[in-house]
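So the sequence shown is residues 0 to 396, counted in numbering that gives the first Met the number 0.
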Amino acid sequence: MIVIGAGLGGLALAHGLRRRGVDVDVYERDAHPGARPQGYRIQLDEPGLTGLRECLPAALFELCLSTAGAPPARVSVRNRHLDVLADRAAAGGARTPDAIGPRAFDRPTLRRIMLLGLGDRVHHGARLSAYRHETDGRVTACFADGRTATAELIVGADGVNSAVRRQLLPAAGVEDAGLRLVYGRIPLDDGTRRALPSWVFESIFTVLTDGPEGAHLGLGPVEFGTRPERSGRALTPPVDLPPVGDYVACMVGAPTGHPAMPAFEDLRTLPPDGLRDLALRLLGGGWHEDVHRLLDRWDTASLFPLRISTAAAVPAWEPGRVTLIGDAVHAMSPVLAMGANTALRDAGELSRALADPAGRGECPVRAVGAYESRMRDYAFPIVADSRRTGRRRVGQQ
Ligand SMILES: Cc1cc2nc3c(=O)[nH]c(=O)nc-3n(C[C@H](O)[C@H](O)[C@H](O)COP(=O)(O)OP(=O)(O)OC[C@H]3O[C@@H](n4cnc5c(N)ncnc54)[C@H](O)[C@@H]3O)c2cc1C
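In structure tokens form, the structure reads like this:
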């Protein structure tokens, strides 16, 4: 099988298929895992952790968990004066008795761990441009550098601007969610942790919002259970994980209609200190002094801009030899922190379906159809829920 995209969804699927004895190659456009900013914190709850556990070898799943932080499992929404507007248990669906979540992971560390054990089956520097159907029923992936690869099935795990989706479901677009973010980190050491307001550490994620037309600030602590480099060394055989210290992920956002928010073409060209100035303007007069204490400690070099997209609902389609998982089919705004959770759930569902006796035969189409039908049922309601919550809280369109 061929997986396009070595993000969280694609890597989980590759592990899930290998565990079940299915031969798989992953093709990723980036030249190497650190080629571009991937973001910082990622919160996984029941669906994501269950998908991850189902796909990864047990030792790698334990390695992931050992590096994750476990802040209080609450999400807090406050206004610019810090008055609490809502305080709820972190999202994530029904809890099973052995539920672990939620956990706060460092995304680059999680991705590094998920690359372990796949060896030379992950091909970097391979950008899919198109695919074609062969007369024997198989499908061929065609890459921008002229390479091709043929298999029984192609899975598009290639994210929000998926080339696979564009060819498979040309009518299924993604929409601009009308939100722009400046995303970065506040590094934590003992001194900084004491200097920061305690409310930052009382929830797994806190949003301060000035309402749907105003700016917002999102904060999520990532305090490692065990430092990744130490967890890696404790494994048999030991693995090298890049050292990383605790931090608070910190994002400042606003809707596109906000008078201080530039067009994305201008936002993306701002240098880090320009992004910082913009964030300070967005959270100018009237915000609680704690907000400024926090932004004073933002690591300017860590800042980068983001445009948020969301998928339009897709009517059911005929299953075939090409399918989709994750943001490639159901991109959603980060408001509920469910995008990666759902991508990992997809990976578990699809690898299980393909390993069933029906999916193991010559033709995987029935297994693909069963997966797609379930996925549409659980994923698109979450996209809609993210949009509703985003509209109410932070001015998503
Ligand atoms: C600020 C922010 C915070 C978030 N926080 C959370 C959170 O806390 N919890 C949560 O569950 N979700 C969160 N999300 C959502 C989450 O990041 C995504 O849903 C998740 O990364 C989707 O995983 P994926 O594997 O489907 O796609 P991606 O992670 O986007 O991976 C796609 C991969 O495909 C590759 N690719 C793209 N095109 C091609 C091509 N043509 N050929 C080959 N390779 C290609 C890309 O380089 C990439 O490596 C957040 C999103 C944002 C923006």
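Just so you know, even glycine gets a beta-carbon here, dropped at the ideal spot from N, CA and C. Given the structure is predicted, the values throughout are model-derived calculations rather than measurements.
For residue i, report the span of its beta strand (DSSP E) as first-last.
i       : result
Thr-299 : Here Thr-299 belongs to no beta strand (DSSP E), and DSSP marks it neither H nor E.
Phe-399 : The question about residue 399 has no answer, for the chain in this structure spans 0 to 396.
Val-25  : 24-26
Gly-68  : No beta strand (DSSP E) holds Gly-68; DSSP gives it neither H nor E.
Gly-155 : 153-155
Val-2   : 1-3
What did DSSP end up calling residue i once you bin it into helix, strand or coil?
i       : result
Gly-92  : Its pLDDT being 48, under 50, Gly-92 is placed unreliably by the model, and the measurement read from it follows with that caveat. Gly-92: coil per DSSP, three-state reduction.
Cys-63  : helix
Met-250 : strand
His-291 : helix
Ser-332 : coil
Phe-223 : coil
His-31  : coil
Asp-265 : helix
Leu-127 : strand
Ile-381 : helix
Cys-54  : helix
Pro-271 : helix
Gly-145 : coil
Gly-285 : coil
Asp-86  : strand
Gly-118 : helix
Val-138 : strand
Ile-393 : Checking the sequence, you will find Val at residue 393 rather than Ile. In this structure, Val-393 counts as helix in the three-state DSSP scheme.
Ala-369 : helix
Val-48  : First, the amino acid is wrong: residue 48 is Leu here, not Val. Correct three-state label for Leu-48: helix.
Ala-150 : strand
Val-238 : coil
Val-74  : strand
Pull up the DSSP beta-bridge partners for residue i, would you.
i       : result
Glu-174 : Thr-309
Gln-42  : Ala-103
His-215 : Thr-208 and Gly-252
Pro-186 : Tyr-246
His-427 : This structure gives no information on residue 427, because the portion of the chain shown stretches from 0 to 396.
Ser-230 : In the DSSP output, where bridge partners are listed per residue, Ser-230 has none listed.
Pro-304 : Val-181
Val-159 : Per DSSP, none; premise fails for Val-159.
Pop quiz: residue i and residue j are said to be a contact at Cβ under 8 angstroms. What is the actual Cβ separation, rounded to whole angstroms?
i       : j       : result
Arg-164 : Val-328 : 6 angstroms
Ala-311 : Ala-171 : 7 angstroms
Ala-259 : Leu-277 : 7 angstroms
Leu-152 : Val-138 : 7 angstroms
Ala-342 : Gly-15  : The pair is not a contact, with the Cβ atoms about 12 angstroms apart (cut-off 8 angstroms).
Arg-397 : Leu-207 : Residue 397 lies beyond the range of the chain shown here (0 to 396); nothing can be said about it.
Gly-244 : Val-238 : About 19 angstroms; that fails the 8 angstroms criterion.
Val-251 : Ala-103 : Contact flag wrong, Cβ pair sits at about 19 angstroms.
Between which two residues does the alpha helix (DSSP H) containing residue i stretch?
i       : result
Leu-81  : First-last for Leu-81: undefined, no H or E at that position.
His-14  : 7-18
Val-163 : 162-167
Thr-322 : Here Thr-322 belongs to no alpha helix (DSSP H); instead the beta strand (DSSP E) covers 321-323.
Gly-338 : 338-354
Gly-190 : 189-194
Say the cut is 8 angstroms; is the CB of residue i nearer than that to a heavy atom of ligand 3?
i      : result
Asp-29 : Ligand 3 is absent from the structure shown, which contains only ligand 1.
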